[in-house]
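Residues in the sequence shown are numbered from 636 upward in steps of one, following the working numbering. Where is the CB? At the ideal position from N, CA and C, for every residue including glycine. Accompanying notes for the structure given below.
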Amino acid sequence: MNPYVLAILLSSLGLGTTLTFASSHWLLAWMGLEINTLAITPLMAQHHHPRAVEATTKYFLTQATAAAMILFASTTNAWMTGEWSINDLSNPIASTMFMTALALKIGLAPMHFWMPEVMQGLDLLTGLILSTWQKLAPLALIIQTAQTIDPMLLTLLGVTSTLMGGWGGLNQTQLRKILAYSSIAHMGWMIIIIQYAPQLTLIALGTYIIMTSAAFLTLKMSFTTKINTLATTWSKSPILTATTALVLLSLGGLPPLTGFMPKWLILQELTKQDLPLIATIMALTALISLYFYLRLCYAMTLTISPNTTNSTTPWRTQTTQTLLPLAIFTTAALGLLPMTPTIMMMTT
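Structure (structure tokens):
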């Protein structure tokens, strides 16, 4: 892609998200979300592959539907209350419609079906943008309006997402689909706590972005998109294989890795809010997700020589990827748990 075009598209991505962050008017927030969608569409279709074009079309139709619902909800709210302010979402019909639209935008279950399909058609860097940056603007709007949305709806979306995110990833062999289901499960953890402690949602979002970035950059470094080829990475870069296994366990939420921090704090807060049943269900759904991360770790580290693998070792050309972002994200994904008190102090 032409570097000037790429620069315009990336700055439009930044502009759309910033516009939604800064807006207090519904139309301005909607405009930011639209700029975001239109900026990432050419990035998704840049390889001119039928799968990429199909994924782009699915993504565009889904996001356009969600944007139309947001516009309809905000117009309904303005009609009923006479207010266009984001903080004044007092009409229950409008707030439910609005939450449903944003759930469709970020891929919360049961509106998650587009996410794995779209992710499968993209290259790893665009998939990384879709999994991290594209979640920021809708989540900012959900955080601003969480107190006006029906708590039952938020709880239902959160529990369903963690369950579907774990369940859907069990039978996958494509790593991008597995990371898409991982994204759905993590979004569920963020939504379940948003009405009680929004700062924990921000902590969960930050750790999710760090861990997902580390996972995507590692896969890009080793040219891996399937579990079979993952089993042959140890011969090329054994240290990277070891850190990748730890990053995957961190995504699963095992101590003493970074991924344990948000899950621990969220379960603690749910227990404080007298919701032990919800906390138990969330912990059990985390176990389902952990199974497929362990499956990836097994394929990477426990099928090495002298065991035999059925996959052929792919050609590994020299990569031009800069190693600094990968090193920073991997270090952060493995070692931030001791910083929990500091992070809590900064967010409260």
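Using CA atoms only, rank isn't needed, just tell me which of ILE923, THR700, THR920, LYS871 is closest to MET935. When only C-alpha atoms are compared, the closest one is LYS871.
Quick check on this structure: which residue in ASN806, LEU892, TRP869, THR783 has the alpha carbon closest to the alpha carbon of MET846? Between MET846 and the set ASN806, LEU892, TRP869, THR783, the nearest pair of CA atoms involves LEU892.
Contact the region 802 to 811 vs the region 724 to 731: 3+ CB pairs below 8 Å: Three or more beta-carbon pairs separated by less than 8 Å are not found between the region 802 to 811 and the region 724 to 731, which leaves the two stretches without contact.
Can you list, in chain order, the residues of its chain with a C-beta nearer than 8 Å to that of ALA635? Leave out the 5 residues immediately preceding and following it. The chain is shown only over 636 to 983; residue 635 falls outside these bounds and no answer can be derived.
Could you say which of MET734, GLY742, PHE858 lies nearest to THR954 if we only look at CA atoms? Closest in alpha carbon position to THR954, among MET734, GLY742, PHE858, is PHE858.
Check for me: the alpha helix (DSSP H) holding TYR831 runs from which residue to which? That residue, TYR831, is in no alpha helix (DSSP H); it is neither H nor E in DSSP.
Assuming LEU598 and LYS855 make a contact with CB atoms under 8 Å, what is their CB distance in whole Å? One cannot answer for residue 598 here, as it falls past the ends of the chain, which runs 636 to 983.
Straight-line gap, PRO636 to GLN681 (C-alpha atoms, nearest Å): At residue 636 the sequence reads Met, which differs from the Pro that was named. A direct Cα-to-Cα measurement between MET636 and GLN681 gives close to 7 Å.
Taking the alpha carbon of THR672 as the reference point, which residue from ILE721, GLY649, LEU919 has its own alpha carbon closest? It is GLY649.
Rounded separation between THR661 and GLN834 - CA only: Per the sequence presented here, residue 661 reads as Trp, with Thr not at that position. Spanning the two alpha carbons is a distance of roughly 23 Å.
Pick from LEU776, LEU837, GLY804, ALA918 that is closest to SER659, judged by C-alpha positions: With distances taken between Cα atoms, SER659 lies closest to LEU776.
Taking only the alpha-carbon atoms, compute the straight-line gap between THR795 and LEU922 and give it to the nearest angstrom. The C-alpha of THR795 lies about 15 Å from the C-alpha of LEU922.
Please state whether DSSP places GLN807 in a helix, a strand or coil. Of the three classes helix, strand and coil, the one that applies to GLN807 here is coil, per DSSP.
Comparing C-alpha positions only, which one of ALA674, MET896, ALA849, MET825 sits nearest to THR1050? Because the chain in this structure spans residues 636 to 983, residue 1050 falls outside the shown range and cannot be described.
For a test of the three-state rule: what should DSSP assign to HIS682, helix, strand or coil? Secondary structure at HIS682: coil, using DSSP grouped into helix, strand and coil.
Pair every Cβ in the region 775 to 789 with every Cβ in the region 717 to 724, then say whether three or more of these pairs are closer than 8 Å. Pairwise C-beta distances place the region 775 to 789 in contact with the region 717 to 724, as three or more of them are shorter than 8 Å.
For SER818, which option in ALA832, LYS740, THR864, ASN712 has the closest C-alpha, if you only look at C-alpha atoms? Closest by alpha carbon: LYS740.
Give me the residue from LEU765, PRO786, LEU678, THR652 with the minimum Cα distance to TYR639. For TYR639, the closest C-alpha among the options LEU765, PRO786, LEU678, THR652 is that of LEU678.
Run through the region 647 to 672 for me and flag every whole beta strand (DSSP E) of 3 or more residues, listed as ranges in chain order. Those beta strand (DSSP E) runs which fall completely within the region 647 to 672 and span 3+ residues do not exist here.
Taking the C-alpha atoms as reference points, what is the distance between LEU664 and PRO873? Looking at the sequence itself, residue 664 is Ala, so the reference to Leu does not match. Rounded to whole angstroms, ALA664 to PRO873 spans 46 Å at the Cα level.
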